[in-house]
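Novice: I'd like to ask you about the structure that follows.
Number of protein chains: 2
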Amino acid sequence: MKKHVVIVGGGFAGINAAKVLGNKPDIEITIIDRKNYHLFQPLLYQVAMAALGEGDIAAPLRNMLANYRNITVFKGIVRSVDIEKKTIVTDFREITYDYLILACGVQHHYFGNNQWEEFAPGLKTLAQAKEIRRRVMEAYERAERTTDFVERKKLLTFIIVGGGPTGVELAGSIGEMSRYTLSKFYRNIDPKLTRIFIVEAAPRILGSFSPDLASKATRSLEKLGVQVWTNSMVSNVDENGVQIGNERIEAATVLWAAGVTATGIGKTMDVDTDRIGRIIVDEDLSIPQHPEIFVGGDLANFQLEDGRTLPGLAPVALQQGRAIGKNILLDLKGRTRKLFRYRDKGQMATIGKNKAIVEFGSLKFDGILAWFTWLLVHIYFLTSFRHRVFVLLQWGWSYFTFSYGARLIVNREWRFYPEACSSSSVNDEEE
Amino acid sequence: MKKHVVIVGGGFAGINAAKVLGNKPDIEITIIDRKNYHLFQPLLYQVAMAALGEGDIAAPLRNMLANYRNITVFKGIVRSVDIEKKTIVTDFREITYDYLILACGVQHHYFGNNQWEEFAPGLKTLAQAKEIRRRVMEAYERAERTTDFVERKKLLTFIIVGGGPTGVELAGSIGEMSRYTLSKFYRNIDPKLTRIFIVEAAPRILGSFSPDLASKATRSLEKLGVQVWTNSMVSNVDENGVQIGNERIEAATVLWAAGVTATGIGKTMDVDTDRIGRIIVDEDLSIPQHPEIFVGGDLANFQLEDGRTLPGLAPVALQQGRAIGKNILLDLKGRTRKLFRYRDKGQMATIGKNKAIVEFGSLKFDGILAWFTWLLVHIYFLTSFRHRVFVLLQWGWSYFTFSYGARLIVNREWRFYPEACSSSSVNDEEE
């Protein structure tokens with residue numbers, strides 16, 4: 001009798017568990033994701049900044065897993081888990097499992113202020129990356145055509161809430177683009193005057209890095225025109241800007257790179273979760289009392305001996321996915337599971353051309369060497385050979401020509417006749 | 001006193017007029033487009049079919065025109081033209097012109113049935129190409145997960161309304177993709193059973209080509225599994241399919257490649273337009289009685305001596321744009337304008353790998369030679385060197401590996417919290 005393994009989520013954890021279990025005897029695998037693709041999230045900010053296209057960092061799950069004949073991929077939404085019946089409820093069907101791997105990650109959250117999302121998109125999906133690109137480029141378009149100087153200043157102000165790696169990478173990209181690339185394209189504005197802020201609640205940015213590297217990153221950001229505000233808690237976000245206690249900045253574009261919260265699946269099960277909804281796992285990555293359910297990646301709260309939990313990084317998810325797959329194989333062979341041990345791959349962040357920071361145990365470095373390390377590591381871990389070739393080509397092109405990818409503003413609305421009742425439409429004027 | 005030339009539309013006509021006038025003395029140019037980019041429309045169907053990315057066939061107008069210091073680009077919507085005041089009304093400001101070049105093209109239309117758009121998107125913009133990609137790929141996703149055979153058949157049925165080059169290229173792409181590429185990615189369906197129809201009201205498809213080439217194209221389509229229905233007038237389109245007189249086909253995906261209508265700008269002026277709203281121009285491409293207003297590209301109705309009008313093709317628009325620019329320069333030098341003469345560049349359409357038809361005067365050919373001609377011509381006319389390199393690389397890759405671009409389904413909706421009032425959301429389950 002074949003065992004049915006259901007994997008929820010096609011991120012680093014899910015895909016690596018699937019690869020370990022793929023084409024193994026006596027196993028059927030179903031992987032479900034609300035998207036039809038695996039996303040290489042570490043480079044998502046480059047899609048937001050138009051340095052790369054969406055196809056450069058994402059690949060359909062079906063293509064990636066096509067050669068594993070025992071894997072079925074469904075695009076669908078998992079609504080809840082019934083632990084007793086060993087069944088998941090999806091938006092198309094109930095599916096019964098022998099083993100369940102939950103790896104559906106985290107999403108950004110607004111500390112109870114979901115109404116801020118409209119004014120401050122986060123960066124977790126391709127759709128959001130495209131929305132951020134649209135907003136940033138639209139702000140420059142509007143600044144170019146307005147004759148109102150106050151309005152123009154607001155349009156040329158960008159606030160990034162959150163000083164983690166994503167916030168730093170977004171701010172650095174906008175800084176570099178405005179200082180080095182955009183100037184020659186506009187006639188009425190000077191893009192070099194763009195105001196860019198990182199607003200961080202903690203005493204410093206890049207809290208997971210050592211203080212000296214974070215300090216170097218701050219200096220690099222400042223050289224690109226980014227102002228770093230620490231100890232600054234956002235108290236309100238609206239369509240015209242951000243309130244920080246008694247201070248206020250007017251900005252047409254606010255980007256959210258602050259909090260994350262686990263996806264809601266943990267709440268549908270009677271399991272222990274932490275403050276941000278992550279599911280607490282045992283040392284073998286299964287849920288206490290439920291050896292048939294594993295959790296991996298950002299959704300898992302894996303506690304270390306010193307009380308800290310593993311951070312939400314790609315290498316953690318990747319290693320956990322593999323470990324889960326191997327533990328299921330051990331089960332089927334009747335052998336004892338292995339406890340998960342994270343092999344620290346360090347961490348890195350890039351600020352701009354030739355500028356990055358790398359921390360690997362006690363080894364810390366920055367500058368052009370760190371930037372090349374960052375570049376090589378990201379190319380190496382990209383999803384496929386094709387992705388590697390095309391990303392490298394585009395980076396090489398941009399590096400040597402100083403010209404970046406196409407900063408297109410593609411409308412979300414595709415209709416010409418959004419109101420079918422009227423014979424002509426607001427979109428009539430131009431193609 | 002400098003002359004102010006206002007160009008409405010950044011397509012082939014607008015951009016080529018701008019290039020002729022760029023950096024010329026005593027001229028200021030303003031070019032306005034509702035998009036921020038120039039689109040290489042002949043390859044738009046390849047974006048819809050995920051063979052190319054949006055950045056491969058589009059470039060920001062600002063980048064393309066950056067080196068012409070007398071050109072200002074505005075992203076905006078032109079609402080109307082006041083011929084007496086020599087002013088255009090936009091969504092941001094009124095702008096006065098000495099010369100006006102109208103080149104804002106055509107859009108698809110539904111013969112008075114705009115409510116069909118929801119069920120049958122056209123293909124004129126990048127947003128529509130992405131919508132078509134989303135629908136086609138989503139249909140396969142849903143077919144894979146349904147257990148209802150009638151539903152599955154409907155999901156695996158694609159109807160293309162209109163048998164012009166765009167309709168043929170769309171149908172051929174779906175045929176090729178379903179017969180040669182998709183099979184190994186699905187477990188529950190056989191994509192080779194995809195039903196594809198071209199529904200054409202005229203007695204044959206590709207009416208602008210010679211009958212023998214059109215017939216060869218029909219045979220090529222049939223070999224890819226496409227059924228061609230001629231003399232078939234669509235009488236209704238709804239969410240479940242298409243009605244053609246007494247016949248009905250159930251289809252989850254209907255694509256519209258039938259009629260076009262000129263953008264509405266002609267209606268805002270007291271000028272002569274033809275049946276589909278195109279503005280009638282004199283032999284120098286200006287409007288009768290208004291030598292300061294030129295019309296070029298798809299929006300222009302330019303009548304030939306034999307009573308036919310020039311078709312809406314890229315080479316026509318390109319040549320007209322250049323001719324308009326030159327006539328303005330002749331004006332400024334006090335010389336006589338030149339009458340426009342179209343140098344026929346022929347026409348071509350591609351059906352699939354190694355399959356195309358080319359017609360150039362009395363020279364007609366098809367098969368692999370036509371396909372290579374099609375390929376070289378399209379690469380040659382692409383917007384920039386960068387575009388040429390990257391498109392050629394991707395085509396080469398696809399040709400030799402049989403793997404096509406990333407068939408991603410990127411949601412239009414970017415929000416996690418679309419209803420800000422609720423604390424959790426429908427999107428909670430997964431990242």
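Chains A and B, in that order, are what the protein sequence lines are.
So in UniProt numbering, spot 75 of the first sequence is number 75, and the numbers just go up one at a time.
So in UniProt numbering, spot 182 of the second sequence is number 182, and the numbers just go up one at a time.
Backbone N, C-alpha and C define an ideal beta-carbon position, used for all residues, glycine too.
1) Flag residue 15 of chain A as yes if its beta-carbon sits less than 8 angstroms from any beta-carbon of chain B, otherwise no.
2) On the CB-based measure, 16 or more other CB atoms within 10 Å of its CB, does residue 150 of chain B come out buried or exposed?
3) Does the contact criterion of 3 or more C-beta pairs under 8 angstroms hold for the stretch 362-373 of chain A versus the stretch 33-45 of chain A?
4) Along the beta strand (DSSP E) that carries residue 229 of chain B, what are the first and last residues, could you check?
5) Quick check on DSSP: helix, strand or coil for residue 315 of chain A?
6) Use the C-beta contact count for residue 216 of chain A: other C-beta atoms within 10 angstroms, 16 or more gives buried, fewer gives exposed.
7) If distances are taken between C-alpha atoms only, which option among A:37, A:221 and A:252 comes closest to residue 142 of chain A?
8) Does the pairing of the stretch 345-364 of chain B with the stretch 159-171 of chain B give three or more beta-carbon distances under 8 angstroms?
9) Mapping DSSP to helix, strand and coil, what is residue 243 of chain A?
10) Output, in chain order, the set of chain B residues within a Cβ distance shorter than 8 angstroms of residue 275 of chain A.
11) Just verifying my parser: in three-state terms, what is the DSSP assignment at residue 216 of chain B?
12) Which of the three DSSP states, helix, strand or coil, is assigned to residue 234 of chain A?
13) Assign residue 288 of chain B to one of three DSSP states: helix, strand, or coil.
14) Where are the alpha helix (DSSP H) runs, 4 residues long or more, that stay fully inside the stretch 159-208 of chain A, in chain order?
15) With a CB to CB cut of under 8 angstroms and the five nearest residues on each side skipped, what residues in its chain are close to residue 263 of chain B?
16) Apart from the five residues just before and just after residue 117 of chain A, which ones in its own chain have a Cβ nearer than 7 angstroms to its Cβ?
17) I'd like to know if residue 239 of chain B contacts chain A, where contact means its C-beta is closer than 8 angstroms to some C-beta of that chain.
18) Run the CB neighbour count on residue 61 of chain B, radius 10 Å, all protein chains shown included, and call it buried at 16 or more, exposed below.
19) In chain B, what lies closer than 9 angstroms to residue 23 of chain A by C-beta?
20) Going by Cα to Cα distance, which pick from B:377, B:373, B:50 and B:361 is closest to residue 208 of chain B?
21) Pick out whichever of B:119, B:136 and B:183 has its Cα sitting closest to the Cα of residue 410 of chain B.
22) Got a sec, what are the start and stop residues for the beta strand (DSSP E) residue 135 of chain A sits in?
23) Give me the Cα-Cα distance between residue 5 of chain A and residue 189 of chain B, rounded to the nearest whole angstrom.
24) Against chain A, with Cβ distances strictly below 8 angstroms, would residue 395 of chain B count as a contact?
25) Going by beta carbon distance, what residues of the same chain come within less than 7 angstroms of residue 287 of chain B, once the five residues before and after it are set aside?
26) Within the 8 angstroms Cβ cut-off, does residue 311 of chain B reach chain A?
27) Roughly how many angstroms separate the alpha carbons of residue 115 of chain B and residue 9 of chain B, rounded to a whole number?
28) Can you list, in chain order, the stretches of the alpha helix (DSSP H) that have 4 or more residues and sit fully within the stretch 348-394 of chain B?
29) Where do the N-terminal and C-terminal ends of the alpha helix (DSSP H) with residue 12 of chain B fall, by residue?
30) Can you tell me whether residue 320 of chain B is buried or exposed, with buried defined as 16 or more other CB within 10 angstroms of its CB?
31) Taking the CB atoms as reference points, tell me whether residue 73 of chain B and residue 322 of chain B lie closer together than 8 angstroms.
32) In this structure, what does DSSP give as the bridge partners for residue 102 of chain B?
33) Taking Cβ-Cβ distances shorter than 9 angstroms, what residues in chain B pair up with residue 54 of chain A?
34) What is the residue span of the beta strand (DSSP E) that residue 37 of chain A lies within?
35) Starting from residue 255 of chain B, trace the beta strand (DSSP E) in both directions and tell me its first and last residue.
36) Within a Cβ cutoff of 6 angstroms, which residues of the same chain sit near residue 75 of chain B, ignoring the five residues on either side of it in sequence?
Specialist: By the coordinates alone:
1) no
2) exposed
3) no
4) 226-229
5) helix
6) buried
7) A:252
8) yes
9) strand
10) None at all; the shortest Cβ gap to chain B is about 15 angstroms.
11) helix
12) coil
13) coil
14) 165-176
15) 104, 105, 106, 107, 277 and 299
16) 110
17) no
18) buried
19) Within chain B, no residue comes near residue 23 of chain A; the closest Cβ sits about 14 angstroms away, beyond 9 angstroms.
20) B:361
21) B:136
22) It is not in any beta strand (DSSP E) - residue 135 of chain A instead sits in the alpha helix (DSSP H) that spans 126-145.
23) 21 angstroms
24) no
25) 271, 279, 281, 293 and 295
26) no
27) 27 angstroms
28) 368-381
29) 12-21
30) buried
31) no
32) B:8 and B:295
33) 53, 54, 406, 408 and 410
34) 37-39
35) 253-256
36) 36
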